[in-house]
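Below is one structure, written out as structure tokens, with a few remarks after it.
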Amino acid sequence: MTGEDSPIVHLDGVEKSFGAVRALSGVTLDLFAGDCLGLVGHNGAGKSTLMNVLTGLLRPDLGRIVIDGQDVTQNYSAQSAIRHGLRCVFQELSLCPNLTVAENARIAHPALSGIGWRREARRLIGAQLDEVFPGHGISPDNVVGDLSIARRQMVEIARAFTVTDTEARVVILDEPTSSLDATSAEKLLTHVRRYVEAGGSCVLISHLLGEILETADRISVMRDGAVVALNAASSFDRNSLVAAMGSVTEVETEETVAAEAKRLSAPIVVEARPAKAAGGLALAAHRGEVVGLAGLSGQGQTELLVRVFDHAPGTHANGDVALVAGDRQSDGVFPLWSIAENIWIGSLRQFLNGLLLDHRRAFAFAEDWRERIGIRTPEMTNPILSLSGGNQQKALFARALGSTADIIVMDDPMRGVDVGTKQEVYAMIRAEAARGRTFLWYTTEMDELHHCDHVYVFRAGAIVADLSRTEMSEEAVLHASFHDEPAPAGAVA
161 MTGEDSPIVH LDGVEKSFGA VRALSGVTLD LFAGDCLGLV GHNGAGKSTL
211 MNVLTGLLRP DLGRIVIDGQ DVTQNYSAQS AIRHGLRCVF QELSLCPNLT
261 VAENARIAHP ALSGIGWRRE ARRLIGAQLD EVFPGHGISP DNVVGDLSIA
311 RRQMVEIARA FTVTDTEARV VILDEPTSSL DATSAEKLLT HVRRYVEAGG
361 SCVLISHLLG EILETADRIS VMRDGAVVAL NAASSFDRNS LVAAMGSVTE
411 VETEETVAAE AKRLSAPIVV EARPAKAAGG LALAAHRGEV VGLAGLSGQG
461 QTELLVRVFD HAPGTHANGD VALVAGDRQS DGVFPLWSIA ENIWIGSLRQ
511 FLNGLLLDHR RAFAFAEDWR ERIGIRTPEM TNPILSLSGG NQQKALFARA
561 LGSTADIIVM DDPMRGVDVG TKQEVYAMIR AEAARGRTFL WYTTEMDELH
611 HCDHVYVFRA GAIVADLSRT EMSEEAVLHA SFHDEPAPAG AVA
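Quick note, the sequence shown lines up with residues 161 to 653 if you use the numbering used here.
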């Protein structure tokens, strides 16, 4: 891209409001061929709304959408966006769970028709999965609902890059690595660079600032519905991005780390062994511990958390258990309920007067958690789906942390949560652990493992390593994730 290049897409002064909430405030942005634009900002900053306008799902109140020099605003729709070569992988996946991978490919590519469409769909989506995620282990005949959330995300991404009758000129990736392990995320970002260098245009939205800094050519920072900074990626570093976003800085206070001796002297409140592992290590969590679950995705971490949550045979949990789901649409939110109802349902017994619900106390409880965890909404009576994905995740945290559960299990819970909120939630987790709560935390983000007291690494359905806080490193986790021989520090079973 050079300064003389004409943009593929030019957004000019785009504004969008939802009632009294102004989601976009005069946004102007250009997308060029051969360029990856990183888009960052807090939850509710306007990123997803802007992408919905760009892909024709929302009509702007004011402003213009110009593609290849032509003003298309008047009749712009999702169908016309596709005809112009715009593709989007949204944070909330849109695959049909009851259809196969190949059938989902056909939905996004109507050109796959005629007698041999199924064979061609299998070939195209299989080839694209091989190109983006070599070694993915997904069959085009797999039913999507049977796949893990990580593999579903791979399918959605591969489908967006697949070419039939229309070229993929602009691909928008909204939190594309949120469910992927580090290895799969690296494969995707490598593919993004290949795609851009071949002349494609990409918008990469991520709360992982390292991904943005390493992958993007330019970075745009949004805050309160406006673009507040736009420059070459090389002109930013992590601190300047955080400052532009208006984030809280990352500070690890002394109280976040309990003394090792005190931790180990506390009683064990959770014991569990992976269901498929006849031998190997078992998980043990002491009262007041934050225990990390690591390894490549789909290695049994989620299954173990669900078994603990269900008090399944072979597990022991001394106390009530609350869950913060990573796949919030399938396992987290109640989509027909309000934000407040989604929060206080985890503490229902606290608000009962006999058999009747004290609505005043329940809504006061939800309002308190809105303030504490920073849920961005004008009304807690609004539907939960009116929130951005990250704010929905905040509501799930509020539900779990506001409950009386002694044990909190978290299944990769920071998907789509902005960097500032992450730091606030990390501090809440440490504060609750200091009060005696126990956390089991599966995460695909290596940095989050440093907030844990010790880390269990999973491979092929078994626990293969138990790393103390001092032994925990990216090298040790990756070594245990891939190798059969013992990992460093003698921590592998």
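Beta carbons: idealized from backbone N, C-alpha and C, even for Gly.
From a predicted model like this one, the values you see are computed outputs, not experimental measurements.
Start and end of the alpha helix (DSSP H) containing residue i?
| i | result |
| --- | --- |
| T462 | 461-469 |
| M574 | Run containing M574: none; DSSP gives neither H nor E here. |
| S400 | 398-405 |
| M142 | Summary: the structure shown does not reach residue 142, with the chain confined to residues 161 through 653, and so no result is reported for it. |
Between which two residues does the beta strand (DSSP E) holding residue i run?
| i | result |
| --- | --- |
| G656 | Examination of residue 656 is not possible in this model, given that the chain is present from 161 through 653 alone. |
| A386 | 386-392 |
| F321 | F321 -> not in any beta strand (DSSP E); alpha helix (DSSP H) instead, spanning 309-321. |
| W601 | 598-602 |
| I379 | 378-383 |
| I225 | 222-227 |
What is the DSSP secondary structure of residue i, counted as helix, strand or coil?
| i | result |
| --- | --- |
| T581 | helix |
| E631 | coil |
| E280 | helix |
| R329 | coil |
| M540 | coil |
| N513 | strand |
| R530 | helix |
| G452 | strand |
| E346 | helix |
| Y355 | helix |
| A477 | strand |
| A524 | helix |
| G198 | strand |
| A594 | helix |
| H170 | strand |
| G204 | coil |
| T162 | Unreliable placement is indicated for T162, whose pLDDT of 45 sits below 50; the coordinate value is still reported in the next sentence. Looking at T162 - three-state DSSP - the assignment turns out to be coil, as it is neither helix nor strand. |
| R447 | coil |
| G621 | coil |
Check whether the Cβ atoms of residue i and residue j sit closer than 7 Å, and answer yes or no.
| i | j | result |
| --- | --- | --- |
| I285 | A265 | yes |
| A310 | S490 | no |
| G452 | V615 | yes |
| D341 | T604 | yes |
| C196 | L364 | yes |
| I533 | K554 | yes |
| G621 | G360 | no |
| I535 | N502 | no |
| A392 | V430 | no |
| P257 | G297 | no |
| R575 | G492 | no |
| R312 | L253 | yes |
| G440 | A426 | no |
| I317 | P336 | yes |
| D172 | G229 | no |
| D480 | A591 | no |
| Y586 | H611 | yes |
| R282 | P270 | no |
| W504 | F525 | yes |
| V352 | T375 | yes |
If I measure Cβ to Cβ from residue i and keep anything under 7 Å in the same chain, skipping five residues before and after, which residues do I get?
| i | result |
| --- | --- |
| T343 | L456 |
| N302 | T260, V261 |
| A404 | V381, V388, A389 |
Using C-beta distances below 6 Å, list every residue in its chain close to residue i, excluding the 5 sequence neighbours before and after it, in chain order.
| i | result |
| --- | --- |
| D165 | F192 |
| A419 | Reliability of the predicted coordinates at A419 is poor, the pLDDT of 48 falling under 50, and no value is obtained from them. |
| M570 | V484, W601 |
| A345 | T337 |
Apart from the five residues just before and just after residue i, which ones in its own chain have a Cβ nearer than 8 Å to its Cβ?
| i | result |
| --- | --- |
| P220 | V174, E175, K176, L184, V213, T233 |
| G406 | H202, R383, G580 |
| L218 | K176, T209, N212 |
Does the beta carbon of residue i sit closer than 7 Å to a beta carbon anywhere in chain B?
| i | result |
| --- | --- |
| I535 | Here chain B cannot be found, since the structure has a single protein chain. |
Are the stretch 186-202 and the stretch 366-386 touching by the rule of at least three beta carbon pairs closer than 8 Å?
-> Judged by pairs of C-beta atoms under 8 Å, the stretch 186-202 touches the stretch 366-386, as three or more such pairs exist.
Can at least three beta-carbon pairs, one atom from the stretch 346-360 and one from the stretch 323-332, be found at a separation below 8 Å?
-> The stretch 346-360 is in contact with the stretch 323-332.
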